[in-house]
Amino acid sequence: MGGGITQVCSQSGYPVLVSEINDELLQKGLAGIKSSLDRGVQRGRLTPPDRDAALARIRGTTDIGEFGDCDLVIEAAVENLDLKKKIFGQIDKVCPRHTILATNTSCLSVIEIASATKREDRVLGMHFFNPVPAMKLLEIARTTATSDETFNTAKSFGQSLGKTIVIAQDSPGFIVNRLMVPQILGAIRLVESGAATKEDIDTGMTLGLNIPLGPLALADFIGLDTVLAMAGVIYKKLGDTQYDPPQLLKNMVAAGRLGRKTGRGFFEYK
Ligand SMILES: NC(=O)c1ccc[n+]([C@@H]2O[C@H](COP(=O)([O-])OP(=O)(O)OC[C@H]3O[C@@H](n4cnc5c(N)ncnc54)[C@H](O)[C@@H]3O)[C@@H](O)[C@H]2O)c1
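Quick note, the sequence shown lines up with residues 544 to 813 if you use the working numbering.
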């Protein structure tokens, strides 16, 4: 998600400083952005000079201490509340008072993340969708503390990226994941119960509902660890059993079968 957000911001003309936890992952991420832009050129969606200009606007670092000149920081680390709070606490110390801090969290509490800072009025959720360059939607989640100025700036920024904005309260799963997670978990429970094969579940859903990906392929695409984290967080908050993660999902994550990013989830990927 971090790579996709970086690409879209840079293609929209913004200089972007992107941070990874080590140089190897940083180089991998930057190479991923370059391949994505190269594919855009091959498909005629952008010109080689536009690709080169977008790449030139991106600078990588492994030190978030360098974020002191940023007006907006969008965090896209793994879905873990303690980690996100730690990152926000660090960024809060580095960035000037006017900087807006946004989290791309899928379903953690934005106000809990904001509580790690001394600028709760300048924190909000900016939830992009995967793959970021292709997906038109941006959910903005404002907390009880988010100021109108922060909200309006984030909204204008999102629109300048060409995204359509929907606004959600700071509630578990916002709009889309709140409705999507039960469908994915329901499909996994069908596999568990032997009611149908994974192939037939996905074929049934794609052709029956005229959607591009079945729920199991979608789970692989999102990452099964992320799906498990989302389900766990929403279940803990709401106590609604439709969000209770199925054992099969837990087992697959424990086995490192995380979907596309590891080459194997419900389906196999080359
Ligand atoms: N995958 C999706 O479809 C999707 C969609 C919308 C939002 N999100 C959210 O975006 C965020 C990232 O998800 P992703 O799918 O890109 O996950 P990912 O596993 O692909 O990437 C996670 C990133 O976190 C970094 N990271 C790992 N440990 C860290 C640490 N200790 N400190 C700092 N950074 C660390 C990794 O280096 C990597 O850059 C999550 O909050 C997720 O819920 C994901």
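Beta carbons are placed, not taken as given, at the ideal position from N, Cα and C, and that holds for glycine.
All values derive from a computational prediction rather than experimental measurement.
When the Cα of residue i is compared with those of the options, which residue comes out closest?
i, options, result
"R807", "L615, S652, F764", "F764"
"S690", "R665, H670, G701, F700", "R665"
"Q726", "Y786, S579, S649, L568", "Y786"
"A760", "Y812, R586, A774", "Y812"
"T605", "K780, L568, S649", "L568"
"S699", "C552, D713, T740, M544", "C552"
"P826", "I548, F810, F809, R594", "Residue 826 falls outside the range modelled here, since the chain spans only 544 to 813, and no answer is possible."
"I643", "A657, L651, S652", "A657"
"T740", "A620, P758, I754, V724", "P758"
"G603", "K628, K571, N623", "K571"
"M544", "L573, S555, P558", "L573"
"C638", "T805, C650, T660", "T660"
"L651", "R588, V621, D635, Q633", "V621"
"E692", "G611, L781, H641, L589", "H641"
"L615", "S714, G701, S649, N623", "G701"
"I601", "Q550, Q585, P592, D566", "Q550"
Report the three-state DSSP secondary structure of residue i (helix, strand or coil).
i, result
"T746", "helix"
"A684", "strand"
"E663", "helix"
"M678", "coil"
"I777", "helix"
"E735", "helix"
"E563", "coil"
"F610", "helix"
"F671", "strand"
Taking Cβ to Cβ, would you say residue i is nearer than 8 Å to residue j?
i, j, result
"A697", "M678", "no"
"R721", "P789", "no"
"V796", "D768", "yes"
"A730", "I744", "yes"
"E682", "T646", "no"
"Q712", "A738", "no"
"M773", "V724", "yes"
"A762", "G802", "yes"
"T746", "L756", "no"
"S579", "P676", "yes"
"K804", "G775", "no"
Looking at residue i and ligand 2, is the gap between the Cβ and the nearest heavy atom below 7 Å?
i, result
"A620", "Summarising the ligand content, the structure contains ligand 1 and does not contain ligand 2."
Sufficient close CB pairs (3 or more, under 8 Å) joining the stretch 590-609 to the stretch 560-577: Cβ pair count under 8 Å is three or more, so yes.
Every unbroken beta strand (DSSP E) within the stretch 616-666, with a cutoff of 3 residues, ordered by chain: If we require 3 residues or more, the beta strand (DSSP E) runs fully inside the stretch 616-666 come out as 643-646.
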